[in-house]
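*Asks:*
2 protein chains.
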Amino acid sequence: MTAWVQVGLKPTVLDPQGQAIHAALRKLGFGAVAEVRQAKVFRVQVAAGADPAEARLQVERAAREVLANPVIEEFSIRWEE
Amino acid sequence: MTAWVQVGLKPTVLDPQGQAIHAALRKLGFGAVAEVRQAKVFRVQVAAGADPAEARLQVERAAREVLANPVIEEFSIRWEE
């Protein structure tokens, strides 16, 4: 069982890294790009013997308490068997 | 039109950042986690007036030539209308 935890800045928070990438792309001639925002993804592999329900709780708690900073970031979790 | 470009280390490349996060999670009691690997995601917004076919080409080229380092990284692109 694998969780993909995506952590990105809240829409209201400025993303200077994304803006820098966007500016670089424009300079390189990628004119079709209007905006770039960068986020992180964690691929979290669950231990083979772990209880699935408990694993889900742990990954959700890890995302909320460790992987994301709730003041400026939001996260989403996608599960794969 | 929006592209989600995910850039991650190739499976054969060590991910010390992911390993550090995994070690921290284990120490914090998240015992169900067996492995963590970290990747980047870029949300690329296409300009309103851009030609869709040209925009797809540009985003693919940007992913290959700018956003990912083909020596150690691989990328995938998911499109959203």
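Chains as they are written, first to last, in my numbering: chain A, 2 to 82; chain B, 2 to 82.
For glycine and all other residues, C-beta sits at the position ideal for the given N, C-alpha and C.
Return the residue from the list B:P12, B:T3, B:G50, B:A51 that minimises the CA-CA distance to P71 (chain B).
*Replies:* In the second sequence, the residue the question calls residue 71 (chain B) occupies position 70. Residue B:P12 is the option with its Cα nearest to P71 (chain B).
*Asks:* Which residues in the same chain have their Cβ closer than 6 Å to the Cβ of R38 (chain A), if we skip the five residues on either side of it in sequence?
*Replies:* Position 37 of the first sequence holds residue 38 (chain A). The answer, listed in chain order, is D16, G19.
*Asks:* Which one or two residues does DSSP pair with Q39 (chain B) in a beta bridge?
*Replies:* What you label residue 39 (chain B) is simply residue 38 of the second sequence in a count that begins at 1. A:F43.
*Asks:* In chain order, what residues of the segment 31 to 52 of chain B put their CB closer than 8 Å to some CB of chain A?
*Replies:* Going along the segment 31 to 52 of chain B in chain order, one finds F31, G32, A33, V34, A35, E36, V37, R38, Q39, A40, K41, V42, F43, R44, V45, Q46, V47, A48, A49, A51, D52 with a Cβ nearer than 8 Å to chain A.
*Asks:* Can you tell me whether A69 (chain B) sits near the ligand ADP, meaning its C-beta is under 7 Å from at least one heavy atom of the ligand?
*Replies:* The ligand ADP is absent from the structure shown, which contains no ligands of any kind.
*Asks:* Which of the three DSSP states is assigned to A33 (chain B) in this structure?
*Replies:* Position 32 of the second sequence, counting from 1, holds the residue named residue 33 (chain B). Here A33 (chain B) sits in coil by DSSP.
*Asks:* DSSP beta-bridge partners for E81 (chain A)?
*Replies:* As a working note, residue 81 (chain A) is residue 80 in the first sequence. For E81 (chain A), which the question treats as bridged, DSSP gives the partners A:T3.
*Asks:* Buried or exposed: I22 (chain A), going by 16 or more other Cβ atoms within 10 Å of its Cβ?
*Replies:* As a first step, residue 22 (chain A) must be located in the first sequence, where it is residue number 21. That one is buried.
*Asks:* Could you work out which residue in B:R65, B:W5, B:D52 is closest to V42 (chain B) when comparing CA atoms only?
*Replies:* As a first step, residue 42 (chain B) must be located in the second sequence, where it is residue number 41. Answer by Cα proximity: B:W5.
*Asks:* Comparing C-alpha positions only, which one of B:K28, B:V34, B:V14, B:E75 sits nearest to E55 (chain A)?
*Replies:* Here residue 55 (chain A) corresponds to residue number 54 of the first sequence, with the count starting at 1. Taking only the C-alpha atoms, the option nearest E55 (chain A) is B:V34.
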